[in-house]
Every structure is written in C-alpha cells, then in structure tokens.
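Following: one structure in structure tokens, then a few remarks.
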Amino acid sequence: MGEAREEPVVDLRLDRAHSARIYDWFLGGRTNFAADREAAGQVLAVFPSAGEAARMNRAFLHRAAAHLAREGLTQFLDIGTGIPTSPNLHETVQDVVPSARVVYTDNDPIVLAHAAALLRGRPEGRTAYVEADVTDPGSVLRAPELLATLDLGRPVALTLNALLHFITDDGRDRAHAVVERLKAALPSGSALVLTHGTSDFSPLATGRIMDIYARAGTPLQLRSEAEFRRFFDGWKLVEPGVTLAHRWRPGGPDGPGEADRPTAAEAVCYAAVAFKP
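Per this note's numbering, the very first residue in the sequence shown carries number 4; after that it's consecutive.
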C-alpha cells in the first residue's frame with residue numbers, strides 16, 4: 004500500500020488584512036479576523052458609509068441576477084466570488100429558475116476553503132467552483148469544471164462584482180483587456196453585470212481607502228465613469244444604464260425608497276447590466 008498523499012499547506016496569513024475578509028466583515032459575515040477588522044475600522048474612520056456601500060453593492064448583484072433569470076438566462080458565471088455569504092448567487096437565481104446553472108470562480112485560498120457552501124444548489128440545477136485567476140481569462144474559460152457545467156454556445160450571464168478595481172492596469176489597460184477576452188468568448192444574448200469602485204464623488208476619502216488597502220498588500224485602481232462605461236463597449240446597456248449600485252432598479256427586498264437614501268458620495272460604486280447583441 005502506498006503512502007498517503009499529503010495535501011499542500013496553504014498559509015492564509017490571518018495576521019494580515021485581506022480584501023475578501025474585510026468585505027465579509029462589512030457584510031456582517033464571520034470569516035474575518037483581528038487584522039481584517041482593524042483595517043475595516045480604518046476604512047470606516049475615513050469613510051463611515053463603507054459598510055452600507057458594500058451592502059448596496061451586494062444587493063445590486065441580487066437584483067440584477069434575479070432580473071436576468073426572469074429574462075430567461077439560465078447560466079451564470081460569477082468571477083471573483085469572494086467568501087460565500089447567503090444568499091449566494093445560485094440561491095437568488097435558482098429561486099427564479101430552479102434548473103439554473105452557476106459556476107463560481109476565484110483564485111483565493113480563503114474562498115476555496117469555504118467553497119463547499121457554494122455547491123449546495125437546488126437539485127434541479129447545478130453549481131460548480133473553479134479555482135482560477137481572472138487575469139488569465141483562458142484558465143477560467145478552459146476549466147473542466149466550467150465546461151462540464153455551462154454550455155458556452157448558449158447565453159451566459161457573466162458577473163464581475165466589485166472585482167475589477169483590484170486589477171491595476173500598470174500602464175497596460177489590463178482590466179479592460181480581461182473583460183474584452185471574456186466578452187468575446189460568450190455568444191449573442193449573453194449578459195454582463197459589473198460593479199466598480201470610483202473616486203468620482205469622494206476623492207479624498209477614497210484616496211485614503213486606497214492607501215489602507217495598499218498597506219494590506221492589495222492595491223486598488225478606482226475608475227471614472229468613462230472608464231467604467233468602456234467595459235460595456237459593443238454591448239447594449241439595460242435601463243437605467245450606468246448608475247450607482249443602489250440606484251439600479253431599486254425596490255423589492257431592499258425596501259422602497261432605497262434610491263433616495265444614500266448620496267453619490269456615500270455610494271462610490273458604479274453598476275450596470277448589458278446584453279451582447
């Protein structure tokens with residue numbers, strides 16, 4: 004009998020703040036540690052509405068995904084999934100279409116450690132998890148788990164929620180190149196769902212937030228409205244087009260009047276949905 008194979012030990016570096024765990028804390032999750040809570044506190048000190056902005060961003064994803072499911076999309080590819088937080092994307096879309104298929108993708112060992120929570124979908128549907136890096140779109144699109152779950156010959160809803168501001172361009176326009184590669188792989192009728200941080204409304208506070216994340220080892224690149232719109236080049240925006248996350252078709256579980264509560268300076272996150280012609 005051969006020797007048991009040892010799994011590689013992954014250092015989660017719990018003594019250092021991590022963007023996924025900071026976001027988890029803002030959402031009220033429990034997968035965060037002292038370093039993450041300290042960094043989150045620093046963010047709140049310069050931007051008190053950070054927690055509400057994170058929750059508005061998450062609520063937009065659920066509204067957009069439910070809308071697309073009602074429009075007939077049954078396949079979803081969520082890149083940059085983050086730490087599972089119920090309701091997860093598959094719960095939202097399978098409430099509308101129980102047979103919907105959802106593939107989650109992340110390259111973070113923290114997310115991988117909790118990925119089992121992403122695989123508990125409706126028996127009529129299917130969910131899968133892919134460990135891959137969005138900056139190498141081919142590794143995502145070629146993943147066996149993805150190809151066994153989604154039919155890329157049929158429309159797919161691609162969601163990139165609060166992810167692209169973690170891809171710095173480094174003078175090479177990397178984030179737009181990644182999105183164009185993913186868009187090109189999807190057929191007509193597919194959808195693109197994006198949110199992205201911006202410094203258009205609160206440049207001083209967001210500049211300080213960028214410093215906090217940089218010290219934690221996760222540089223940010225916030226983008227303007229014009230830069231955000233470029234991600235949708237060639238695709239048809241769904242009304243109301245590019246807006247702040249909480250102003251995209253508010254209502255439903257988020258409650259009436261949500262669009263009137265936060266100011267643009269408190270939201271700091273653009274959002275939009277578009278279809279491929």
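Glycine included, every Cβ here is placed at the ideal spot set by N, Cα and C.
Chain-order list of residues whose beta-carbon lies under 8 Å from that of residue i (same chain, five-residue window excluded)
i      : result
Ala53  : Phe29, Ala43, Val46, Leu47 and Ile212
Val99  : Ala69, Ala72 and Arg73
Arg233 : His179
Euclidean distance between Cα positions of residue i and residue j
i      : j      : result
Ala135 : Pro206 : 32 Å
Thr108 : Leu115 : 9 Å
Asp176 : Leu185 : 15 Å
Ala219 : Ala268 : 24 Å
Asn60  : His249 : 7 Å
Ala62  : Leu166 : 15 Å
Gly156 : Asp173 : 33 Å
Thr84  : Asn164 : 8 Å
Ile25  : Ala56  : 13 Å
Arg58  : Ala188 : 31 Å
Ala112 : Tyr132 : One detail in the question is off: residue 112 reads as Pro in this sequence, not Ala. Using only the alpha carbons, I get a separation of about 12 Å.
Pro158 : Ala194 : 8 Å
Glu41  : Arg19  : 10 Å
Leu153 : Val49  : 42 Å
Leu247 : Thr130 : 29 Å
Ala37  : Thr221 : 17 Å
Phe235 : Glu127 : 32 Å
Residue range of the unbroken beta strand (DSSP E) whose run includes residue i
i      : result
Gly200 : Ala194 to Gly200
Val276 : Cys272 to Phe278
Phe63  : Note, Phe63: premise wrong, no beta strand (DSSP E); alpha helix (DSSP H) at Ala53 to Arg73.
Phe79  : Gln78 to Ile82
Asp109 : Arg104 to Asp109
Pro134 : Strictly speaking, residue 134 in this sequence is Glu, with Pro absent from that position. First-last of the beta strand (DSSP E) with Glu134: Arg129 to Glu134.
Cβ distance (whole Å) where residue i is taken to contact residue j below 8 Å
i      : j      : result
Gly200 : Leu223 : 7 Å
Thr138 : Ile170 : 6 Å
His65  : Pro101 : Contact flag wrong, Cβ pair sits at about 17 Å.
Gly32  : Ile86  : 6 Å
Residue from the options whose Cα sits closest to the Cα of residue i
i      : options                           : result
Arg125 : Leu155, Val96 and Arg157          : Val96
Ala160 : Tyr216, Leu92 and Phe79           : Phe79
Ser142 : Asn110, Arg123, Leu122 and Ala118 : Asn110
Pro190 : Lys279, Glu148, Thr221 and Glu228 : Lys279
Ala229 : Asp39, Ala274, Val49 and Ile25    : Ala274
Phe231 : Thr221, Val182 and Ile215         : Val182
Pro21  : Pro158, Ala217, Ala194 and Leu76  : Per the sequence shown, residue 21 should be read as His rather than Pro. Checked all of Pro158, Ala217, Ala194 and Leu76; the closest Cα to His21 is Ala217.
Arg226 : His168, Ala67, Leu144 and His93   : His168
Cutoff 7 Å; reference residue i; Cβ partners in own chain excluding five residues on either side
i      : result
Thr266 : none
Pro256 : Its pLDDT being 46, under 50, Pro256 is placed unreliably in this model, and the value from its coordinates should be taken loosely. Closer than 7 Å at the Cβ level, and outside the excluded window around Pro256, lies no residue.
Val271 : Ala56, Gly200, Thr201, Phe204, Ser205 and Thr209
Ala146 : Val133 and Ala135
Asn76  : At residue 76 the sequence reads Leu, which differs from the Asn that was named. Here the set comprises Pro158, Ala160 and Ala194.
Gly258 : Because the pLDDT of Gly258 is 42, which lies under 50, any placement of that residue in the model is unreliable, and the question is left without a value.
Ala178 : Leu167, Ile170 and Asp172
Asp39  : Ala20, His21, Arg24, Ile25 and Trp28
6 Å Cβ shell around residue i - same chain, five flanking residues per side excluded
i      : result
Asn35  : Arg24, Asp27 and Trp28
Ala119 : none
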